[in-house]
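What follows is one structure encoded as structure tokens, with my remarks underneath.
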Amino acid sequence: MFWPLLPQLPSPQPPPAQGLRLLLGTCLGTALALLAGRALVLQHTPTLTPDTPLSSLRTWRLLSADPVLRREASLLLASREPTGSARQRQGLWGQGWGRDPLAALALKRAAQAVEAAGQPDQALTLWQSLWQRFPQNPASADALYSLGRQQPRWRQLLLQRFPAHPAALAAALELGSSPANRLQASLHLARWGPRWPGAEALLVQACRGRDGALQPPQRRQLALGLAQLGRGQTALDCLKGLQGDPALELALGQALLKGDASQQGLADRQLLALAQRWPTTAAAREASALLSQREGADTGALLVQLPASLQASAAVQARLALEGQRPWRGVLKRWPRDPASWELQWQLARQALLQQRWAEAALILQALAPDQLAAPLAARQLFWLGYCQWRLGEGARAQRLWRQVLAIAPGGYYGWRASLHLGEPEPELLRAPGGPAGPLTRSPWQPLASGNAGLDRLWRLNQPLEAWESWRFWRGAKPPQAAGDLRLEGRLRTGVGDDWIGLGQLEQASLRLPQGSCQQQADLERQLNPLRYGELFGQAGAAAGLDPALLQAVARQESRFTAGVESPVGAVGLMQLMPDTARELAGRRLEAASLKDPALNSRLGARYLRQLLEQWQGNPVLAVASYNAGPGAVAHWLKAGLGSDSPKPAGATIRLQRDPELWIEAIPYPETRLYTKKVLGNLWSYRRLNQGAGSGC
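My numbering puts the first residue of the sequence shown at 71, with every later residue one more than the last.
Following this line, the structure appears as structure tokens:
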């Protein structure tokens, strides 16, 4: 090998001792500085969330020395860009490196982006890479779905590998029109996703035998899916006399309870037979609890037919105590943490309150310690105990109890009533129409805190759909039962826009969760009262001269912000307007379907609330009760004076101005009674959260 000649350089001379010490000191100082800098960088590495500013995300994506941090910043930035946009594609490009599960997510998002941009060949390459490198990752379900567009075998593999994943449910619905394919789709959806859009019609069709003869196990599977949809009678018809297992029989009974009087009678017999046939199962205990909650004189006759072990359960004993057949103190003492005892205590206390027997009501309310109850129930107990003390002349004790309410549950209906008794002014809801309504403030992002690092990371990186799909994959079709699982699934569902089921699950969880710290309760209050359609409600509130928090509160209770929902009596949309009422408010002909437009529905709903508030001189209790029961019913209650539906002492008529809480509690329609408390509690929570009162402790 030829080397070019180089000029001769003088040989280096050894440095003097002083220079050597200087050189060593410089090297040592540089090393220490590098170590200190590295420690400082590690110490101050940010935790990126959906609330991280865009400018910071761009900086970390471009300049961070940590490739994992760069990928997280890229995913967060991509989540804010329109799907398929050039900026999204550019930001996701090259982020699918390594074996980290985020690489699978980056490949999926990149494939979806180039697919939306009209680049099918590039998308195909990315989908194939995702499936080959991450065959066990839930993101690969979408790869199999996309690859299956051309090759059906990929769809079959998807149904086998990821049966509960939403991609598999969509694939089942698209299997094909042959009888064999329709039957396969029906059975898959009945087991793994009966509530998937379009599944119900397939299940009904399969049960009617249009896709071939059904074997008994197939009938049971289809019947269980229909029961989960609330189609109790259709599920019974599908069984054709076959006997089910405890889970199926319980689902059938629960579905039939939602039907008319004849179906409810059938449900009673169904649940009783279940309890007698499988008395030691959890399904039998749930069946006996459902029977103990039934209204009517024949409930006692049903309960005495239960096996002895179930007659001795908390639910049955609580019902017997409510009817005076058992001492209530014994039930509360034996089962202080059972929901049946909580309901027994409240029903007994409510009877005494409506009859204005303050000392008796206080005695009942003190029978359970507040820390044995979930926070909303403890707040109810303490509020009414304070109310009894106030009516008995113990004002100082009442105030201490009401302050305790605010420490446990400052939001909601009882937080509102306790605050008013402690001197907080009534909220002003009426304003001059056309003025600024004051937009509601979006709540800050909250961690998922699921206990699953993978789910928590997806949630933190603004990937709620991926988190939800992963949860579905890991959990399968098993519905959540424990309070923690209900809360987690409720948050995941609301994260992907399914407020109808998600908020219902969060409400169930709030009534079962043990009392948490102040910060935990504040976090739960935000989760229960999310801001939806903020701009539309702000505009509708400004046009009608209303606080937009009131519109949020009504829509939260009416439809859980679901624009397309319809009630059994025909009310439509997120504020559940009756079509005739909506036409009158609009002053023109309207099709019922047009009320599914959130903008139109919110404007008309705000206009109706304005009319009700003006009719009742700004009184929120009367306006909200009228929105549910109609102003005619409310006017009748005001004229007659409400009282207990049980014997009461002379002079026990309840007047709204003097006894507002008792007046609400005496509303004779149970639905309106609960509705009024819920809406007013929502209103109080939204106003608190908007003012920052629920942001910390």
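Yeah, the Cβ is synthetic: ideal placement off N, Cα and C, and Gly gets one too. Model, not experiment: these values are computed from the prediction.
Here V635 carries a coil assignment [DSSP, helix/strand/coil].
For P701, the enclosing alpha helix (DSSP H) starts and ends at 701-710.
R677: member of the alpha helix (DSSP H) spanning 668-685, first to last residue.
The beta carbons of L172 and R141 sit closer together than 7 Å.
Contact annotation: L500 and L376 have beta-carbon atoms that are not nearer than 7 Å.
The three-state reading of DSSP puts L124 in helix, counting H, G and I together. Less than 7 Å separates the beta-carbon of W472 from that of L492.
Using a Cβ distance threshold of 7 Å, W398 and L423 do not count as a contacting pair. Within the same chain, R131, G161, L162, Q165, A176 come within 8 Å of S144 by CB-CB distance, once the 5 residues on both sides are set aside.
With a 10 Å radius around the Cβ and a threshold of 16 neighbouring Cβ atoms, G323 comes out buried.
Comparing C-alpha distances from N207 to each of H235, S216, R225, G188 shows the shortest one belongs to H235.
For S755, the enclosing alpha helix (DSSP H) has its first and last residue at 740-760. Here L438 is not near Q474, since their CB atoms are 7 Å or more apart.
The three-state secondary structure of I724, taken from DSSP, is strand. Secondary structure at V274: helix, using DSSP grouped into helix, strand and coil. Assignment of V694 by DSSP, reduced to helix, strand and coil, places it in the helix class. For L573, the secondary structure class from DSSP, reduced to helix, strand or coil, is helix.
Contact between Q459 and R467 holds: their C-beta atoms lie close to 4 Å from each other, under 8 Å. Apart from the 5 residues on each side of it in sequence, G329 sits with its Cβ closer than 7 Å to the Cβ of G302, Q303 in its chain, given in chain order. In the DSSP annotation of this structure, T350 is not part of any alpha helix (DSSP H), being labelled neither H nor E. By the CB criterion at 7 Å, L326 and Q333 fall inside the cutoff.
Between A519 and L528, the CB-CB gap reaches or exceeds 7 Å.
Residue pairing from DSSP places V642 in a beta bridge opposite E636, L647. For L616, DSSP records a beta bridge to L500. When the beta-carbon positions are compared, L562 and W544 stay at least 7 Å from each other. Look at Q165 here: in three-state DSSP terms it is coil, with no helix or strand label. Taken through DSSP and simplified to helix, strand or coil, H235 comes out as coil. In this structure, G615 lies away from P740, with their beta-carbon atoms at least 7 Å apart. By the Cβ neighbour-count rule, E539 is buried, with 16 or more other Cβ atoms within 10 Å of its own.
Remark: C-beta atoms of D593 and Q516 approach each other more closely than 7 Å. When DSSP states are grouped into helix, strand and coil, A444 belongs to the coil group. The segment 752-762 makes contact with the segment 596-604: 3 or more CB pairs, one atom from each, lie closer than 8 Å. L299 is positioned such that its CB atom lies no closer than 7 Å to that of W266. Under the three-pair Cβ rule at 8 Å, the segment 660-672 counts as touching the segment 620-640. Nearest neighbour of D368 by Cα position, chosen from P349, A357, R355, R339, turns out to be R339.
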